[in-house]
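The structure under discussion appears below in the form of structure tokens.
Residue numbers (the working numbering): -3 to 255.
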């Protein structure tokens, strides 16, 4: 499928959403923030241009004071917690995970709490108590304890679900812009558009009138193609009748943030 055809398919699907009276809440999450950079500046400028707050997942024990200073002048970038050290504790042969049950649960929770304290000290009132596990993986038993640690939100990827014990408000991302299996590069626009149209077509029959759709970003790894795609997507979709650009305050509830 050509990129032009892929765009036509996506926009036609969104037209079908509008005709059905449904609303898509499009939002952005960006992972692995630790220091200021030209790439972070580009993300901040994009967020300002489209007035779309970005959930900025920052690694607590790797984040620097310079990042907090930069975010003082980038109000659309909303920092939250991305694991603690972004370390893999899964044994060989298993998928990477910092917060599977590969260690005693009390040790895991103490580490998460230490990370939260570090980010609160670093970012102050701008810190959002939302937890984003590295590699989008967290054991449901760990997720169930997050509210007791002060978290109001959890964000993973697409099909992750809480266990029977529950957890904080869960809002997953749906489309990853990076191709991790072929050199950690940006995916091609036609591929992304085709996948997005397919996902939205499947959701259109859902009885809920509004559905959230999250784009997963990693600004450190964005190339020109990725930035161009993201800018083009926001440009085309921001004026569509079926699309609302959404930020973490609306997703997780600003009233429950830190005092």
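From the three backbone atoms N, C-alpha and C, an ideal C-beta is built for every residue, glycine too.
Q | Environment of residue -3 [buried if 16+ CB atoms lie within 10 Å] | A | Burial is judged here by how many other beta carbons sit within 10 angstroms of a residue's own beta carbon; residue -3 has fewer than 16 and is exposed.
Q. Do the CB positions of residue 124 and residue 248 come within less than 9 Å of each other?
A. Taking the C-beta atoms as reference points, residue 248 is found nearer than 9 Å to residue 124.
Q. What residue ranges within the stretch 52 to 131 form continuous alpha helix (DSSP H) runs of no fewer than 4 residues, ordered along the chain?
A. Counting only runs of 4+ residues, the alpha helix (DSSP H) found wholly inside the stretch 52 to 131 occupies 61 to 67, 101 to 119, in chain order.
Q. If we ignore side chains and look at the alpha-carbon of each, how far apart do residue 12 and residue 18 end up?
A. Inter-residue distance for residue 12 and residue 18 is about 9 Å (C-alpha atoms, whole angstroms).
(Q) For residue 156 and residue 187, what's the separation of their Cα atoms in angstroms? (A) Taking the CA atoms as reference points, residue 156 sits about 22 Å from residue 187.
Q. Who are residue 169's beta bridge partners in DSSP?
A. According to DSSP, which records beta bridges pairwise, residue 169 is partnered with 153.
(Q) Let me make sure I understand the geometry here. Which of 37, 15, 16, 20 has the alpha-carbon closest to that of residue 218? (A) Minimum Cα distance to residue 218 is reached at 37.
Q | Anticipated Cβ contact below 8 Å, residue 115 with residue 70, distance rounded | A | Going by Cβ atoms, the distance from residue 115 to residue 70 rounds to 16 Å, so no, they are not a contact pair.
Q: Determine the extent of the beta strand (DSSP E) in which residue 239 is found, giving its start and end residues.
A: Per DSSP, the continuous beta strand (DSSP E) segment holding residue 239 begins and ends at 239 to 241.
Q: Compare the Cα-Cα distances from residue 236 to each of 1, 2, 7, -1 and report the closest residue.
A: Of the listed residues, the one whose Cα sits closest to residue 236 is 7.
Q) Rounded C-beta distance between residue 130 and residue 79? I'm assuming under 8 Å. A) Right, their Cβ atoms sit about 4 Å apart.
Q) DSSP state of residue 27, grouped into three classes? A) Residue 27 carries a strand assignment under DSSP once its states are collapsed to helix, strand and coil.
Q. Sorted by chain position, which residues of the same chain lie with C-beta nearer than 8 Å to residue 232's C-beta, five sequence neighbours on each side aside?
A. The residues are 3, 7.
Q: Report the rounded CA-to-CA distance for residue 238 versus residue 106, giving the unit in angstroms.
A: Distance between the alpha carbons of residue 238 and residue 106: 43 Å.
Q: Compute the distance between the beta-carbons of residue 166 and residue 140, then report whether it is under 9 Å.
A: Taking 9 Å as the Cβ cut-off, residue 166 and residue 140 do not qualify as a contacting pair.
Q: Please classify residue 210: is it buried, with 16 or more other beta-carbons within 10 angstroms of its beta-carbon, or exposed?
A: Answer is buried; the Cβ neighbour count reaches 16.
(Q) What residue range does the beta strand (DSSP E) around residue 190 cover? (A) Element bounds for residue 190: not the beta strand (DSSP E) but the alpha helix (DSSP H), 185 to 199.
(Q) For a test of the three-state rule: what should DSSP assign to residue 148, helix, strand or coil? (A) Looking at residue 148 - three-state DSSP - the assignment turns out to be coil, as it is neither helix nor strand.
Q) Count the other CB atoms within 10 Å of the CB of residue 54; is the residue buried (16 or more) or exposed (fewer)? A) That one is buried.
Q) Between residue 135 and the rest of its own chain, which residues show a CB-CB distance below 7 Å, the 5 nearest in sequence each way excluded? A) The answer, listed in chain order, is 95, 96, 97.
Q: State yes or no: is the C-beta of residue 74 within less than 9 Å of the C-beta of residue 42?
A: No.
(Q) On the criterion of 16 or more Cβ atoms from any shown chain inside 10 Å, does residue 0 qualify as buried, or is it exposed? (A) Residue burial annotation: residue 0 is exposed, with fewer than 16 other C-beta atoms found within 10 angstroms of its C-beta.
Q) Can you pull the DSSP bridge partners for residue 174? A) 182.
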